[in-house]
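Residue numbering for the sequence shown follows our numbering, starting at 9 and increasing by one per position.
Where is the CB? At the ideal position from N, CA and C, for every residue including glycine.
The next block holds one structure in the form of structure tokens; read it before the comments.
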Amino acid sequence: MKIAITGATGQLGSIVIEKLLLQTEANNIVALVRNPANATHLTAQNIEVREFDYDRPETLVPALSGIDKLLLISANEVGRRTPQHKAVIDAAKVAGVPYLAYTSLLRADTSPLGLAQEHRETEKLIQDSGLRYTFLRNNWYSENYLAGVAHTIEIGTLFGAAQDGRISSASRIDYAEAAAKVLTSTGHDNQTYELAGSQSFSLSELATLIGQAASKTINYQNLSAEEYTQGLTQAGLPAGLVEVIVDADIQTIQGAMYSDSQDLEQLIGRKTTNIQDAIKAAL
Ligand SMILES: NC(=O)c1ccc[n+]([C@@H]2O[C@H](COP(=O)([O-])OP(=O)(O)OC[C@H]3O[C@@H](n4cnc5c(N)ncnc54)[C@H](OP(=O)(O)O)[C@@H]3O)[C@@H](O)[C@H]2O)c1
Numbered sequence: 009m010k011i012a013i014t015g016a017t018g019q020l021g022s023i024v025i026e027k028l029l030l031q032t033e034a035n036n037i038v039a040l041v042r043n044p045a046n047a048t049h050l051t052a053q054n055i056e057v058r059e060f061d062y063d064r065p066e067t068l069v070p071a072l073s074g075i076d077k078l079l080l081i082s083a084n085e086v087g088r089r090t091p092q093h094k095a096v097i098d099a100a101k102v103a104g105v106p107y108l109a110y111t112s113l114l115r116a117d118t119s120p121l122g123l124a125q126e127h128r129e130t131e132k133l134i135q136d137s138g139l140r141y142t143f144l145r146n147n148w149y150s151e152n153y154l155a156g157v158a159h160t161i162e163i164g165t166l167f168g169a170a171q172d173g174r175i176s177s178a179s180r181i182d183y184a185e186a187a188a189k190v191l192t193s194t195g196h197d198n199q200t201y202e203l204a205g206s207q208s209f210s211l212s213e214l215a216t217l218i219g220q221a222a223s224k225t226i227n228y229q230n231l232s233a234e235e236y237t238q239g240l241t242q243a244g245l246p247a248g249l250v251e252v253i254v255d256a257d258i259q260t261i262q263g264a265m266y267s268d269s270q271d272l273e274q275l276i277g278r279k280t281t282n283i284q285d286a287i288k289a290a291l
């Protein structure tokens, strides 16, 4: 049984491989990477590394030779992802890969998030391909909310535009463990899992929890979409990323980041990492 992972040198892919190693032998795992020079740590663990660049079609079909299960971790260049994913799906068909799991987005079919469009398109391509599939519809990573935690503590204020919208995020480690479980067990063909945290929080509660962890009062300040856009832009974030972050908060108000699905905790057999532990890890 050969299980191949795209984006194997990325943040999620790296943890998927760690989790797979707990379930199967290293020689069952194939790491598909854009740049093999960045994957020597995987070779050292007896994991086969194959070059695989979505933008270089000639690398795709050969790298998928003999693969029984493929995990397509969604690419990270927003706006270019549908053709990149299509290239992988087409190559999987040509190479005779029978099964593909794809890291999608929570409720991708109905989500109002701007990011959902490419996931919808990719899910359709996969369904139309005739391959057996599993959609791992990941909600937001908790890490997204904690990337600037040191700065938040320094200034005593958490900024956002999500009002009191609730967020059922989970940590990369939770989503990675679910992916590894799906890849190493049966019964997941043509299933769609809505993967979200066991608990939810608002940004105001997050500010309080960060304050508790740092022994300091942290206030949440809610901004309008325009004010938040301006603030993030002035902080030096690229326009595309600012758009994604502000859109996520605005859609959070309407419930786009909330889910009471238990698919994730059922797959991993435990509650997801709670936000307090994610804060501690970030600190
Ligand atoms: N749910 C969420 O909150 C959330 C947040 C952010 C992103 N995402 C999505 O989830 C994915 C995984 O998250 P992550 O944190 O692991 O992101 P990441 O660390 O940026 O990993 C993305 C991976 O995609 C690979 N990649 C990008 N372009 C490629 C190409 N042309 N050919 C082959 N590989 C390519 C990268 O290769 P290199 O290692 O060579 O760079 C990297 O390994 C992201 O790509 C994005 O689609 C979800």
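Secondary structure of residue i, DSSP reduced to three states
{"i": "E131", "result": "helix"}
{"i": "Y236", "result": "helix"}
{"i": "G104", "result": "coil"}
{"i": "A83", "result": "coil"}
{"i": "R89", "result": "helix"}
{"i": "Q31", "result": "coil"}
{"i": "P65", "result": "helix"}
{"i": "A99", "result": "helix"}
{"i": "S137", "result": "helix"}
Residues bridged to residue i [DSSP beta-bridge criterion]
{"i": "Y201", "result": "L144"}
{"i": "G168", "result": "N230"}
{"i": "L40", "result": "R58"}
{"i": "I181", "result": "Note: I181 sits in no beta bridge, so no partner."}
{"i": "I175", "result": "F209"}
{"i": "Y149", "result": "A178"}
Span of the beta strand (DSSP E) around residue i
{"i": "V57", "result": "E56 to E59"}
{"i": "T111", "result": "Y107 to L113"}
Residue nearest to residue i in terms of C-alpha spacing, selected from the options
{"i": "K77", "options": "N147, H127, T90 and A109", "result": "A109"}
{"i": "Y62", "options": "A34, I13 and S22", "result": "I13"}
{"i": "R140", "options": "G122, T194, Q92 and L123", "result": "T194"}
{"i": "I161", "options": "G15, L214 and L80", "result": "L214"}
{"i": "V57", "options": "R64, A71 and L123", "result": "A71"}
{"i": "V250", "options": "I55, V86 and E66", "result": "V86"}
{"i": "Y183", "options": "G263, V157 and A204", "result": "A204"}
{"i": "G173", "options": "K101, A187, G263 and Q207", "result": "G263"}
{"i": "I276", "options": "A286, D257, G244 and T192", "result": "T192"}
{"i": "G248", "options": "Y107, G122 and L79", "result": "G122"}
{"i": "K10", "options": "I81, N84, L114 and P106", "result": "P106"}
Residue range of the unbroken alpha helix (DSSP H) whose run includes residue i
{"i": "L78", "result": "Premise fails: L78 lies in the beta strand (DSSP E), K77 to L80, not in any alpha helix (DSSP H)."}
{"i": "L275", "result": "D271 to I276"}
{"i": "A256", "result": "A247 to I261"}
{"i": "I218", "result": "L211 to A222"}
{"i": "A12", "result": "Taken as a continuous stretch (DSSP letters only), A12 belongs to no alpha helix (DSSP H), being part of the beta strand (DSSP E) at I11 to I13."}
{"i": "T48", "result": "T48 to T51"}
{"i": "T280", "result": "Careful: T280 lies outside any alpha helix (DSSP H) and carries neither H nor E."}
{"i": "H196", "result": "From DSSP, H196 is part of no alpha helix (DSSP H); its letter is neither H nor E."}
Within 8 Å, strictly: CB atoms of residue i and residue j
{"i": "L217", "j": "Q171", "result": "no"}
{"i": "I261", "j": "L166", "result": "no"}
{"i": "S112", "j": "R145", "result": "yes"}
{"i": "I175", "j": "Y266", "result": "yes"}
{"i": "L28", "j": "A289", "result": "no"}
{"i": "N35", "j": "N54", "result": "yes"}
{"i": "S179", "j": "E151", "result": "yes"}
{"i": "A47", "j": "V38", "result": "no"}
{"i": "Y153", "j": "S137", "result": "no"}
{"i": "I258", "j": "A124", "result": "no"}
{"i": "V157", "j": "L291", "result": "yes"}
{"i": "A221", "j": "I163", "result": "no"}
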